[in-house]
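Engineer: Numbering (this note's numbering), first residue to last: 100 to 376. Glycine residues also receive a C-beta, built at the ideal position from the N, C-alpha and C atoms. Fair warning: this is a prediction, and the values are worked out from it, not measured in the lab.
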Ligand SMILES: [Zn+2]
């Protein structure tokens, strides 16, 4: 699943490729990818507009259209990909939507089809239309994601810290990989209840959440089987992972075998020695 660093990498790729050229056509190959009841209205809203810039909020991509023409929203969910290519290039098997821009094309490819694309009409806030956007917590790189904020949020919550990190209303965009990695670096067991964490531990955790996300963005995202940058390049954070995906392998710090458990339906990876309960 693309996480914040992958989405940020895609955003940068889209900013390098799709801006300031008229959208001359839109072809929808799978109607349910479009989160709009009227496909014709979706197309009409986009054709002849231009993308001015791409923003990211959590894992949502928000393309701002020039001249106040609204926004184009994208959520990649499990397997969504954007590909910048030429119209004459053979269609990838799971191509769902094609946006034609000048002599190029932006393709939306999505094998499992959980991804969504929105057209936000002029004068409407993206959060009014794009489901889930409004309930997002602060961005990890924002000042609002402070030690104080984190401590206040954790105070009365008894659930495992790993589950809390995946809660998008705590902090936007942190997924399974970066939650596991930042807990390892902070020496916090994923099962530890939020309310029992000391302010110093939370401060360390906050610092590491930001660090692992920044490191991954610098490496253009993780190595995920289904993930590609907009230019079709695979990122390379995965080869540097401390615990994520390293079940039964030796801890890079103490050689203890990395364990994998199920937590809230997701897998959690940790070193029992470096991250005691
Ligand atoms: Zn260890």
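Please state whether the Cβ-Cβ distance between residue 376 and residue 368 is less than 9 angstroms.
Structural biologist: Not a contact, by the Cβ cut-off of 9 angstroms.
Engineer: Out of 200, 111 and 186, which has the shortest C-alpha to C-alpha gap to residue 147?
Structural biologist: Out of 200, 111 and 186, 200 has the C-alpha closest to the C-alpha of residue 147.
Engineer: Spatial neighbours of residue 364 within its chain, please: C-beta separation below 6 angstroms, excluding the five flanking residues on both sides.
Structural biologist: There are no such residues.
Engineer: Is it the case that the stretch 230 to 237 contacts the stretch 255 to 273, given that we only count it when at least three CB pairs across the two stretches are under 8 angstroms?
Structural biologist: Verdict: yes, contact present.
Engineer: Give the DSSP bridge partners of residue 172, in chain order.
Structural biologist: Looking at the DSSP assignment, residue 172 forms a beta bridge with 161 and 217.
Engineer: Give me the pocket residues for ligand 1, defined as CB within less than 7 angstroms of any heavy atom, sorted by chain position.
Structural biologist: Those satisfying the condition are, in chain order, 350, 352, 353, 355, 370, 372 and 373.
Engineer: Hey, how far is the Cα of residue 217 from the Cα of residue 170?
Structural biologist: Going by the C-alpha atoms only, they are around 8 angstroms apart.
Engineer: Start and end of the alpha helix (DSSP H) containing residue 307?
Structural biologist: Looking at the DSSP string, the run of the alpha helix (DSSP H) that includes residue 307 is 298 to 317.
Engineer: Enumerate in chain order the residues of its own chain whose CB-to-CB distance from residue 126 is below 6 angstroms, with the five nearest sequence positions on each side excluded.
Structural biologist: Cβ within range, chain order: 197.
Engineer: Comparing alpha-carbon positions, which option in 346, 194 and 360 lies nearest residue 354?
Structural biologist: Of the listed residues, the one whose Cα sits closest to residue 354 is 346.
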